[in-house]
Amino acid sequence: LYDDISETSQGKIAEDIAYSDKVQQEDITICEHVQKGLESNAYHKGRFSVECEAGVHHFQSLLKESYLKNLSTE
510 LYDDISETSQ
520 GKIAEDIAYS
530 DKVQQEDITI
540 CEHVQKGLES
550 NAYHKGRFSV
560 ECEAGVHHFQ
570 SLLKESYLKN
580 LSTE
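The working numbering applies: residue 510 is where the sequence shown begins, and numbers increase by one.
Given below as structure tokens:
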């Protein structure tokens, strides 16, 4: 990952690792909160979030349409 392992770059490497550790810890906390939310009675499971996953839904619909079209021509 790091080509330069000289003493002068050691500080930068340590900063990068500390930053990465901080971000990963934040991600863990976020994921834990999401899991708790998913387990609550307020969340109703579904295939897609209308607000956030319209693009994913559209892509999967196109894919399904293509598969069905190609299956019917075989």
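For each residue, glycine too, the CB sits at the ideal point set by N, CA and C.
message: DSSP three-state label for GLU560, please.
response: coil
field: Cβ-based neighbour list, GLY546, same chain, cut-off 7 Å, excluding 5 preceding and 5 following
entry: TYR552
query: Where SER518 and ILE537 are concerned, what is the direct C-alpha to C-alpha distance, given to the nearest angstrom?
result: 29 Å
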